[in-house]
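Colleague: Here the sequence shown is numbered in UniProt numbering, starting from 1 and rising by one per residue.
Every residue gets a Cβ at the ideal spot worked out from N, C-alpha and C, and that includes glycine.
Computed from a prediction, not measured in an experiment: that's the story for all the values here.
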Amino acid sequence: MKLAQLSNPTIENGLSSVSVHWDVESFANVLRFIFGCPVEITSNNFIPLNEAALFFGVETLLLKCRVWLEEVTSQSQLLCLDSLIDIWKYGLERGVTGKLLCELISGADNLRSLCLREIQLVDDALYRFSGASLEMLDVSDTEVSVPALAHVIRRNPDLKSLKIRGCRHLLQQESETKERKLCIPSFTPQDFYSELGKSCKLEEFEVGWGFSFFSLAALKPAITTLRSLVVGLGGSLGHDGLKLLPTICPMLEILILYFQVISDSAITEILRTLPHLQFLALCYCFGDISSLSFKFDMPNLRNLKLERVTPWMTNEELATLAENCTNLVKLSLIGCTLLDCEAQAIISSGWPGLTSLHLEECGEITANGVRSLLDCHALEDLILRHTLPMLRKISLDVCDASEGDFDIPSMQTSKEHLRPAELGSSPNPGA
Numbered sequence: 001m002k003l004a005q006l007s008n009p010t011i012e013n014g015l016s017s018v019s020v021h022w023d024v025e026s027f028a029n030v031l032r033f034i035f036g037c038p039v040e041i042t043s044n045n046f047i048p049l050n051e052a053a054l055f056f057g058v059e060t061l062l063l064k065c066r067v068w069l070e071e072v073t074s075q076s077q078l079l080c081l082d083s084l085i086d087i088w089k090y091g092l093e094r095g096v097t098g099k100l101l102c103e104l105i106s107g108a109d110n111l112r113s114l115c116l117r118e119i120q121l122v123d124d125a126l127y128r129f130s131g132a133s134l135e136m137l138d139v140s141d142t143e144v145s146v147p148a149l150a151h152v153i154r155r156n157p158d159l160k161s162l163k164i165r166g167c168r169h170l171l172q173q174e175s176e177t178k179e180r181k182l183c184i185p186s187f188t189p190q191d192f193y194s195e196l197g198k199s200c201k202l203e204e205f206e207v208g209w210g211f212s213f214f215s216l217a218a219l220k221p222a223i224t225t226l227r228s229l230v231v232g233l234g235g236s237l238g239h240d241g242l243k244l245l246p247t248i249c250p251m252l253e254i255l256i257l258y259f260q261v262i263s264d265s266a267i268t269e270i271l272r273t274l275p276h277l278q279f280l281a282l283c284y285c286f287g288d289i290s291s292l293s294f295k296f297d298m299p300n301l302r303n304l305k306l307e308r309v310t311p312w313m314t315n316e317e318l319a320t321l322a323e324n325c326t327n328l329v330k331l332s333l334i335g336c337t338l339l340d341c342e343a344q345a346i347i348s349s350g351w352p353g354l355t356s357l358h359l360e361e362c363g364e365i366t367a368n369g370v371r372s373l374l375d376c377h378a379l380e381d382l383i384l385r386h387t388l389p390m391l392r393k394i395s396l397d398v399c400d401a402s403e404g405d406f407d408i409p410s411m412q413t414s415k416e417h418l419r420p421a422e423l424g425s426s427p428n429p430g431a
């Protein structure tokens with residue numbers, strides 16, 4: 001039973017990673033184990049709760065939440081969806097105490113992969129970590145400080161993946177932990193990036209708050225072999241930093257930019273001089289870019305996201321994009337308000353092999369339905385937002401629906417996920 005597996009996590013010699021995932025089935029088992037009552041999860045109240053984790057077991061959750069859970073379930077033997085969500089969030093936020101985290105980390109010297117995403121009290125745990133074999137460290141969306149990160153970086157020269165996006169405290173130069181006051185000298189963010197540049201050879205880097213053009217220059221020795229770069233909110237590469245990327249990181253395959261200042265010249269330089277680039281995402285960026293950024297051949301590009309950066313895009317410019325990015329398999333467009341229903345035919349003829357397509361707030365693109373998109377026979381993930389405002393995801397796997405004549409039963413309530421799988425031609429369409 002999964003509950004038993006999750007309740008007693010252990011650290012063994014030679015352990016290379018810790019990853020405790022709590023899926024919906026395990027979640028239901030925990031509640032059933034505590035209260036001895038069924039948990040009503042139906043098609044009307046189910047949401048995908050996968051991808052979350054308590055990381056180090058459910059015992060702490062059970063101790064801290066038992067009284068609260070009893071109050072939640074005191075009025076009914078069946079838990080409602082809102083209660084499930086509340087329990088999930090409470091456990092995720094408070095399921096790991098600082099003491100438990102420190103005890104676990106202090107005994108895990110052989111870890112190669114350490115993920116502390118969204119966990120509180122990370123600094124003390126990192127100071128307790130004495131391992132020197134880390135290849136991946138993820139402290140995204142935590143309150144980690146610069147000195148605590150530097151403590152780990154110095155000891156782990158084989159680090160290849162570092163994810164520190166969403167860490168606001170990296171802007172601060174001081175840490176309030178006892179370990180920092182006793183052992184760690186004053187350390188600025190720029191000192192940290194210089195240390196990182198001297199110590200590691202990164203292949204994957206996700207960053208946000210406090211990252212700048214000067215940080216990029218300090219990091220140069222560490223990112224010459226970088227393959228994936230994500231710059232999020234709080235980071236600011238600037239025009240010069242973007243134009244310098246191809247020189248510093250010539251091996252980039254993935255570049256994702258959020259809230260950056262961009263320009264035609266910078267984007268053109270990136271697309272023309274990064275021959276290995278396969279995934280480009282420009283999301284909620286500032287500045288002026290035009291169709292000039294995409295008017296040349298980009299055969300290696302496989303995944304393109306343009307989210308609220310191309311409001312000027314018309315059908316003609318979309319057609320030009322299709323001519324120059326012929327090998328796309330994933331496309332996301334948000335805020336292209338000048339597109340109309342003819343854009344569907346451009347998409348289906350230009351990229352018939354698309355597996356993922358997201359179109360949100362793109363003018364009148366769905367005004368006359370979505371029949372043309374059925375010509376994208378490989379489509380697995382489709383998000384449309386215009387005349388179908390409640391539809392969030394549709395997956396059509398091996399569907400015999402080229403004429404659009406398969407039937408979906410009428411539903412009394414709205415659905416967020418629709419998955420007709422392996423549908424064949426029916427001799428009785430009304431069945």
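Quick one: is Val146 buried, meaning 16 or more other Cβ sit within 10 Å of its Cβ, or exposed?
Modeller: The residue is buried, with at least 16 neighbouring Cβ atoms inside 10 Å.
Colleague: What does DSSP give as the partner residues of Ala281 in its beta bridges?
Modeller: Beta-bridge pairing links Ala281 to Ile256, Lys305.
Colleague: Less than 8 Å between the C-beta atoms of Ala367 and Ile346, yes or no?
Modeller: Their beta carbons are not under 8 Å apart, which means Ala367 does not touch Ile346 by this criterion.
Colleague: When the distance is taken between beta carbons, is Ile153 closer than 8 Å to Glu195?
Modeller: Cβ distance < 8 Å, so Glu195 and Ile153 count as in contact.
Colleague: Between Gly208 and the rest of its own chain, which residues show a CB-CB distance below 6 Å, the 5 nearest in sequence each way excluded?
Modeller: So the qualifying residues of the chain are Arg165, Gly166, Gly232, Leu233, Gly234, Gly235.
Colleague: How far does the alpha helix (DSSP H) with Phe192 in it extend, from its first residue to its last?
Modeller: Per DSSP, Phe192 belongs to the alpha helix (DSSP H) from 189-199.
Colleague: Per DSSP, what are the beta-bridge partners of Leu137 in this structure?
Modeller: BP columns for Leu137 point to Leu114, Leu162.
Colleague: Are there 16 or more other CB atoms within 10 angstroms of the CB of Asp123, so buried, or fewer, so exposed?
Modeller: Flag for Asp123 reads buried.
Colleague: Evaluate Ser215 with the Cβ neighbour count: other Cβ atoms within 10 Å of its Cβ, from every protein chain shown; 16 or more gives buried, anything less gives exposed.
Modeller: Buried, since its Cβ has 16 or more Cβ neighbours within 10 Å.
Colleague: Sorted by chain position, which residues of the same chain lie with C-beta nearer than 8 Å to Glu364's C-beta, five sequence neighbours on each side aside?
Modeller: Leu339, Asp340, Cys341, His386.
Colleague: Going straight from the alpha carbon of Leu149 to that of Leu170, what length do you get?
Modeller: Their backbone Cα atoms lie some 9 Å apart in a straight line.
Colleague: Going by the CB atoms, is the gap between Pro311 and Cys336 shorter than 8 Å?
Modeller: Yes, they are a contact pair.
Colleague: Are there 16 or more other CB atoms within 10 angstroms of the CB of Ser130, so buried, or fewer, so exposed?
Modeller: Exposed, by the Cβ-count rule.
Colleague: Can you tell me whether DSSP reads Leu3 as helix, strand or coil?
Modeller: For Leu3, the predicted model reports a pLDDT of 32, less than 50, meaning its position is unreliable; a value from the coordinates is still stated below. Helix at Leu3.
Colleague: Can you tell me whether Val231 is helix, strand or coil according to DSSP?
Modeller: Reduced to three states, the DSSP call for Val231 is strand.
Colleague: Tell me Arg296's beta-bridge partners as DSSP assigns them.
Modeller: Here the sequence assigns Phe to residue 296, which means Arg is not the residue at that position. DSSP, once it has assigned bridges, lists no residue as partnering Phe296.
Colleague: What's the C-alpha gap between Ala222 and Lys160?
Modeller: Straight-line Cα distance between these residues: approximately 9 Å.
Colleague: Put His169 into one of helix, strand or coil per three-state DSSP.
Modeller: Looking at His169 - three-state DSSP - the assignment turns out to be helix.
Colleague: Where does Ile267 fall in DSSP's three states?
Modeller: It is helical.
Colleague: Closest to Ser199 by CA distance: which of Leu219, Leu321, Pro246, Asp297 is it?
Modeller: Minimum Cα distance to Ser199 is reached at Leu219.
Colleague: Starting from Arg155, trace the alpha helix (DSSP H) in both directions and tell me its first and last residue.
Modeller: Per DSSP, Arg155 belongs to the alpha helix (DSSP H) from 146-155.
Colleague: For Leu331, which beta-bridge partners are listed by DSSP?
Modeller: Its beta-bridge partners are Leu304, Leu357.
Colleague: When you compare each of Leu229, Val261, Ile334 to Gly238 by their alpha carbons, which one comes out closest?
Modeller: The residue with the shortest Cα to Cα distance from Gly238 is Val261.
Colleague: Going by beta-carbon coordinates alone, are Ser228 and Glu253 separated by less than 8 Å?
Modeller: Yes.
Colleague: Count the other CB atoms within 10 Å of the CB of His151; is the residue buried (16 or more) or exposed (fewer)?
Modeller: Label assigned to His151: buried.
Colleague: Does the Cβ-Cβ distance between Leu301 and Leu333 come in under 8 Å?
Modeller: Not a contact, by the Cβ cut-off of 8 Å.
Colleague: Using only the alpha-carbon positions, how far apart do Asp158 and Leu134 sit?
Modeller: Each residue's Cα considered, the two are about 6 Å apart.
Colleague: Output needed for Cys325: all residues of its chain with C-beta closer than 7 Å, excluding positions within five of it in sequence on either side, in chain order.
Modeller: Result list for Cys325: Met298, Leu301, Leu304, in chain order.
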